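In the numbering used here, each residue carries its 1-based index in the sequence shown increased by 405.
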Amino acid sequence: MNREIIVSNFARRPVRTGVSIVAVATEVALILLIVGLVVGINTETGERTAGVGADIMFQPPGASVFLGLNSAVMPVEVGELLAGVDGVEAVAPIVTQFNTQGGFDVVYGLEPESFDAVSGGFRFIEGRIFESPDEIVIDDLYAEAKGLGVGDGLVLLNHSFTVSGVVDNGKGARLYLDIGAAQEMSGNPGNVSLFFVRLDDPDAVYAMQEALEERFIAYHAVPMRDLVSIMANTSLPALDAFLTLVVAVAVTIGALVIFLSMYTTISERTREIGILRSMGASKGFVVSLVLQETVWLCLAGVVLGLAASFAIVAAVPSFFPTLQLLITGEWIVRAGLLAVASGLVGAVYPSIRAAAQDPVEALAYE
Numbered sequence: 406m407n408r409e410i411i412v413s414n415f416a417r418r419p420v421r422t423g424v425s426i427v428a429v430a431t432e433v434a435l436i437l438l439i440v441g442l443v444v445g446i447n448t449e450t451g452e453r454t455a456g457v458g459a460d461i462m463f464q465p466p467g468a469s470v471f472l473g474l475n476s477a478v479m480p481v482e483v484g485e486l487l488a489g490v491d492g493v494e495a496v497a498p499i500v501t502q503f504n505t506q507g508g509f510d511v512v513y514g515l516e517p518e519s520f521d522a523v524s525g526g527f528r529f530i531e532g533r534i535f536e537s538p539d540e541i542v543i544d545d546l547y548a549e550a551k552g553l554g555v556g557d558g559l560v561l562l563n564h565s566f567t568v569s570g571v572v573d574n575g576k577g578a579r580l581y582l583d584i585g586a587a588q589e590m591s592g593n594p595g596n597v598s599l600f601f602v603r604l605d606d607p608d609a610v611y612a613m614q615e616a617l618e619e620r621f622i623a624y625h626a627v628p629m630r631d632l633v634s635i636m637a638n639t640s641l642p643a644l645d646a647f648l649t650l651v652v653a654v655a656v657t658i659g660a661l662v663i664f665l666s667m668y669t670t671i672s673e674r675t676r677e678i679g680i681l682r683s684m685g686a687s688k689g690f691v692v693s694l695v696l697q698e699t700v701w702l703c704l705a706g707v708v709l710g711l712a713a714s715f716a717i718v719a720a721v722p723s724f725f726p727t728l729q730l731l732i733t734g735e736w737i738v739r740a741g742l743l744a745v746a747s748g749l750v751g752a753v754y755p756s757i758r759a760a761a762q763d764p765v766e767a768l769a770y771e
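Structural data, given as structure tokens:
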């Protein structure tokens, strides 16, 4: 009997039913897509960091570990001292720049020979390495996103460059230029942002970390495996706070929409509820009926939200090749449970109000 009543109510109010389902679907999609964007970018950044092939990232005092976010303040001569340490196989000086024109892209100023020694070298899809300060190498995702190829011009950080080559993505940055040009652009000739260090024995990375920090007081030697692990971890304090805020907003929206939908529906069904109560339906039966309707609405919304999320994830690379979205099974379950829970919370008061109606007054309601 319950099922017939629920289906009949949905059929009689298709617009309100559809709006409620879409609202829950929006809640689910909002959670999955924003979390997926954060997790995807974090994971992809970690993979690109690992792709450099170094064992240690050597940084100046006060530098951030994330992508080497610091100015070029370390003398390039430090690299020569690092190269002389027993157990160090290769050292690559890097100047980091950040392009915010049309997005946020990491730019590496590097020496091709030393970077190849650390990373194993680029795999060129077309073109060659830069041979002058006015040439630049880009990765394939950036080339696809911007519609660029070898010989095309690119304005970067208020400088004009010519694309000399396109390489496979996954080597730390998306754009690479001559280290001298990067030093001039940063206003710090002779200085670098960091050094990538490759060891003879990768298993000795923690011993080497301790040795380097003892020898170079106040400098930081960060094992790349630890850095990659940090970037792959979605339980960072800042990320947790951001995701909690996003989920709270989405859940609140879902609960309010279900509340309004159920409250309005019950107002419209006052007479129906009076008939049920006069026929002997208990208050518990009425509450159960309203909550069951809510669960079915939420489940339909969850299914629609999942379908919309996966459709958006599939479509994103066609429009934004460098944007990574990653929807995990854990967050699918979380989003579904949160959607149903927020719906039930929103339906509690309307269901209690419906059960509390006096049968005689409800039957007289017009």
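Ideal Cβ placement from N, Cα and C applies to all residues, glycine included.
Treat the numbers as computed from the prediction; the structure is a model and nothing was measured.
Contact under 8 Å by Cβ, residue i with residue j
i	j	result
VAL602	PRO628	no
ILE534	LEU580	no
ASP573	ARG630	no
LEU546	THR727	yes
VAL571	ALA550	no
ALA660	VAL750	yes
GLY772	GLY489	As displayed, the chain neither begins before 406 nor continues past 771, which places residue 772 out of reach and without an answer.
VAL493	PHE503	no
SER747	ILE732	no
GLY558	THR567	yes
VAL707	GLY734	no
Beta-carbon separation (whole angstroms), residue i vs residue j, contact threshold 8 Å
i	j	result
MET497	PHE600	For the sequence presented, residue 497 should be read as Ala rather than Met. Between PHE600 and ALA497 the Cβ distance is about 7 Å, and since that is below 8 Å, they are a contact.
LEU702	VAL429	7 Å
VAL757	VAL692	In the sequence as displayed, the identity of residue 757 is Ile instead of Val. The Cβ separation is near 7 Å, so the contact holds.
GLY484	ALA586	Not confirmed; about 18 Å, so no contact.
SER598	THR657	SER598 to THR657, Cβ: 42 Å. No contact.
VAL652	ILE446	Wrong, their Cβ atoms sit about 18 Å apart, outside the cutoff.
Residue i - DSSP class collapsed to helix/strand/coil
i	result
GLU624	Strictly speaking, residue 624 in this sequence is Tyr, with Glu absent from that position. Three-state DSSP puts TYR624 in coil, outside helix and strand.
THR448	helix
SER687	coil
VAL424	helix
GLN729	coil
PHE535	coil
ASP491	coil
GLU761	For the sequence presented, residue 761 should be read as Ala rather than Glu. Of the three classes helix, strand and coil, the one that applies to ALA761 here is coil, per DSSP.
ALA459	coil
GLY526	coil
Neighbour-count burial assignment, residue i, 16 or more Cβ in a 10 Å radius
i	result
MET613	buried
ASN563	exposed
ARG620	exposed
THR422	buried
GLU615	exposed
MET684	exposed
GLU432	buried
THR649	exposed
ALA716	exposed
Worksheet item: What are the start and end residues of each continuous beta strand (DSSP E) run of 3 or more residues lying completely inside the stretch 570–604, in chain order?
Response: 580–583, 599–604
Worksheet item: Considering only residues of the stretch 542–569, which uninterrupted alpha helix (DSSP H) runs meet the minimum length of 4 residues and lie entirely inside it, listed in chain order?
Response: 545–551
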